[in-house]
Structure formats: structure tokens, C-alpha cells
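Notes for the one structure printed next.
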Amino acid sequence: MENFSEWFHNILEEAEIIDSRYPIKGMSVWLPNGFKIRKNILELLKKLLDKDHEEVLFPLLVPEDELAKEGIHVKGFEDEVYWVTHGGQKELNKKLAIRPTSETAMYPMFSLWVRSHIDLPMKFYQIVNTFRYETKHTRPLIRVREITTFKEAHTVHSTAKEADEQVKIAIGIYKEFFDLLGIPYLLSKRPVWDKFPGADYTMAFDTFLPDGKTLQIGTVHNLGQTFAKTFDITFETEDNAHEHVYQTCYGLSDRVIASVIGVHGDEKGLHLPPKIAPNQITIIPILFKKGSEEVIAKCEEIKLALELNGIRVNIDDRDIRPGKKFYQWELNGSPLRLELGPRDLKNNKAILVRRDNLEKIEIDLDSEYSEKINELFDDIYNNMKKTAWDKIKDSVIIIDNLKEVNNVIANGKVVSFSWCGEEECGKAIEEITDVDILGTQNENNEFSQNLNGKKCIHCENEAKYTGLMAKTY
RNA sequence: GGGACCAUAGGGUAGCUUGGUCGAUCCUUUGGGCUUUGGGAGCCUGAGACUCCGGUUCGAAUCCGGGUGGUCCCA
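Take the first sequence: its letter number 191 is residue 190 in numbering that gives the first Met the number 0, and every next letter is one higher.
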């Protein structure tokens, strides 16, 4: 994978995920195969959220005055908003914004919905498309003008502590979600100058792509009472006082799908974790003129048996050479393939081939092969996950001199440094190195350094955090 | 925000400098037919393109201006 951009662009087309030739900049068409992957990913996500969130659906349009209410927030988005200005030939009295995100659509309604402490907490989410007029060059799934898959959750709480707690809960949900996809991540608290417009603080997940750049794949914001005050969301406490609520919001987008493709993909093409692969196992009958009916009948029988065990199966019985099918299904990321020809039929065997390492495994068709296949799925998933995590762990390089930054970045790695955490100092570091600070590690994990006695890499005051720097998308 | 480059079948390309030979090259893709099929088959026969608008010219894929779309670099 010499040139990731090129590889990524090709794979989207060859594996029929999206068609990026739609004639509007930054907008693409989801193709059936891509749509199935998207659907499977969303199902995993919904299962996690539905435990204690309610799914809702808000309108696409936001009245101008509501959008403009929260000054800091609107400033963060004002250059990116698409506007609806006409109804037919007639100019509208009040312009309507196409949501770049839905805080300003939702919160006026929250103000009506929240009456007393009994209503709280409220936890909603929706999965919608949003629009942002990106001026930088767009990239399919990564920087788009229509975010087709924007999962945004919004929660409302009666105390700051509970909102803070919700941030941790949301982080936990996202970790679980990324784990299901086998996607490794760096979890950082974003620097204050890079937080969500209007938030108290922002926690963000970044993954690591083969070209050495990090990709933000999820964010969790503690909104404090900023929006509550702007949109007058108050509740009556147990002792009849009226107070503003505390809020959080957290989101994921198409970028999750981009990261599944980018993180797991290889020279052979797409490589999908079994949980989300549209075809978990592809059966390829080896057909000769003689005896092809028997072979296909056996394949159908196996398909049925596997489907009864909840496995997604397809049979490729096209009249082309088997070798071509092997290449195509490897390109499409099908985790396992099953080959069955007349020779196997006679011995009552079949050959399984793993997409991750191309290992061939003979199975006895009289045995409980569904079990064996499910075990292989687990093994493939674990292998993919481990490979991806090993790579990101190897890519975070601890430095103790700012001069090393550009060297590390040029080698396609992520920089870990000790930092005082001060804004002035951080901005100076970004200025000197011309590299973005992702943020700080706020919990003990494999990416936090032991800071005992360490000094900030720039100002030499006491180091309070492990900071990360990377070339970003 | 500033700049550079690019646009030819579904995908990738040659042709453009020096306008006419282009009725546009090659690979891939693709319809039909026959022989085939255990890692990208072969033969026969078809299909498919000069980004859009305007200009220069006897004549534009080729030159000029603009739109749209794409790629990359810098802030």
C-alpha cells in the first residue's frame, strides 16, 4: 500500500462501496455492497445505544434565529452552513439552515420537554445526514459535504457530576463499539483551542491510517450549561427551585466506515471483520461440465445449514474461472471462502480459506462444521484486532526533545511528549513544529507515559500530561 | 485563506507542445457465440469517450476565457 489515498479511492470503487462520481463536490452514492457494510456497522452501534438511549428523528432544517442563538457555537460553523433561501420562486422571510449538526434543532425542543427533575436524565440519539460546506479538498467518507451517516447522541442531566459521568459512559460505549470493529484508537482530551464550539471540553477518538495520519473517528463533548442557558432548558428541582440543566453530546460519522476500510485493508483489497461483512462466507463451487449439478446441490445444502446457524452466506456460481472469483472475493473482504469441487464431494470434504492469512483448512462435511466456522470467525476477528492494535502501539513514539518531532512525523508515526497542558505553551509547540496536538491522555493506558519528575518538553515547567501530536486528516 | 496541476469509453491511458493524417491509441470493462473451469482462460464477433458554456479559426480533443469536478502543496 504505497499510496494510501490512491489505494483508498480504488478500493471504494472496486469493492463497490460508494460511487464518488456524483456530480456535487463532496457527495457520493452508497452502492449496495457499501450500504450493507454500513447497515451492519449501524446495527452493532444501535444495539449498544438502545440499552439506555431513545432513538429520535429531528427535521433537517433549522430556522436562522435558532441557529444564531448560541454565539460561540454558530461561529464555529458559520462558514460551513448551507442555506435554504427560497420556496419555489419566492424568497423565504426567514432563511433555513441545513443542519451541520443538530444542537440548535434539538435544544429548543428540549426546553419544552424538560419540566422537572423527574424527566431527567434524557438520552436521545439520531442517525441522520448533515451538511457542511467544506472548502478544503474533500475525500470520500473522510471529508465530505454531506455526512450521510451522522450518529449524534444528546443527553440532559440535572447535575454537573452526572453529565461528567455520562461522558465516561459514552466513552465506554464508543470503546466497545470500536472494539467490535477491531479498530484501535487513541483517546485524547482535545486542547481547549480545538474543542467543539460551545463545549466545556471534548474527548476524542483518533485512529491511525496506513499513511501515518490520524483520523478523528468519534467525539464526546461535555456541554456544561452553555446551551442550557442559551436555549433556556431548565428543570424544577425537588425543592421547587428552577435550574439550568447540564448536557453532553457525542457523535460518530462515515469516518468510522472509512477507518474500518483503511485500518484493516491490505494489498489484496478490503478486509472486513466477520461481524460486519455482508458475506461472511463465500461458497465457490468448482464446476466442470460433468457433475456440476451435484456440486451446486451440495453447496446449496451447506448454505442452508450455515444460514440456520445465523451465518451470512453467498454462493458464487458464475461461469468464470474459480481463480478470478478467489481474487474478487478477497478484494471484497469476505472473511472466509469455501471451495467445493467434484473431488471434495466424493470425499465428503470442503476446503475453507481464510482471508486474513490465506490458510487452507479441510473440513469434514459430516461434522458440525458451523461451529468450526464460527470459531474461525472469532479467530479472524481477534487476529485483525491484534494486528491493528500492534501497529498503532508501535507507531506512538516517545520523544524528549521538540527537535525530534518532525523526524517522527516524517516517518509516519505519532509523537508522545510530556506537557504542562497550558494553552500558550501548546500553541507555541504547534507553531514551532507545524504539527497538530491531538490532546492529552487523561487516564492510565498504554499511551500515557510515566511523568514522574518529567518536565514539559517546551516550557520546562512540571509535566502534567502525556500529549500526543500527529499529522491529521 | 493562498497557490500549483489536471479533466479523452465504466476504470486506467496515448494523442495536445507545432490545430487538418482522429472515422481517436492501447490495457481493462462489457453484450452475443463456441471451447473451457482446483488461483486472474482462449478464440470469433459486437458495444462504449474528447467535462460543460463561450471565444479564436476555413477547420478545435489540441489554442484562449469562464463554470463545474478532481489531485496536491503551503497557511
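Even for Gly, the Cβ is constructed at its ideal location relative to N, Cα and C.
Computed from a prediction, not measured in an experiment: that's the story for all the values here.
Per DSSP, S258 has no beta bridge partner at all.
When the alpha-carbon of A159 is set against those of T247, L307, I282, S333, the nearest one is in T247. Looking at the DSSP output, T471 bridges to T213.
Distances from the CA of N444 to each of I17, G268, V191, G466 were compared; the closest alpha carbon is that of G466.
For K359, the CB contacts under 6 Å within the same chain, skipping 5 residues up- and downstream, are I350, V352 in chain order.
Within the stretch 59-136, the complete beta strand (DSSP E) segments at least 3 residues long are 60-62, 81-86, 89-97, 121-130, listed from N- to C-terminus. Contact annotation, I232 with Y184: C-beta distance approximately 32 Å; criterion of less than 8 Å not satisfied. Listed in chain order, the non-local C-beta contacts of W388 below 8 Å within the same chain comprise P183, local neighbours out to five positions each way being set aside. The C-alpha of D49 lies about 42 Å from the C-alpha of K348. The beta carbons of F123 and H52 sit closer together than 8 Å. In this structure Y21 is exposed. Its beta-carbon is surrounded by fewer than 16 other beta-carbon atoms within 10 angstroms. Residue burial is scored here from C-beta neighbours: A227 has at least 16 other C-beta atoms within 10 angstroms and is therefore classed as buried. With respect to the 8 Å criterion, T218 and Y249 are classified as neighbours on the basis of their beta carbons.
Beta-bridge partners assigned by DSSP to E329: none are found.
Assignment of beta strand (DSSP E) within the stretch 307-374, counting only whole runs of 3 or more residues, yields 312-314, 335-339, 348-353, 359-363 in chain order. The stretch 161-169 and the stretch 25-42 do not touch, with fewer than three beta-carbon pairs separated by less than 8 Å. The continuous alpha helix (DSSP H) containing F34 extends over residues 31-48.
Fully contained in the stretch 382-467 are the following beta strand (DSSP E) runs of length 3 or more, in chain order: 395-397, 413-418, 435-440.
When the beta-carbon positions are compared, D315 and W328 come within less than 8 Å of each other.
Taking N441 as reference, the option from A203, R131, R138, N32 with the minimal CA-CA separation is A203.
Around the beta-carbon of G438, 16 or more other beta-carbon atoms lie within 10 Å, marking it buried. For S187, the uninterrupted beta strand (DSSP E) run begins and ends at 185-188, by DSSP.
Taking C-beta atoms as the reference points, V259 and I280 fail to come closer than 8 Å. Per the DSSP secondary-structure output, P22 pairs with nothing in a beta bridge.
The three-state reading of DSSP puts G171 in helix, counting H, G and I together.
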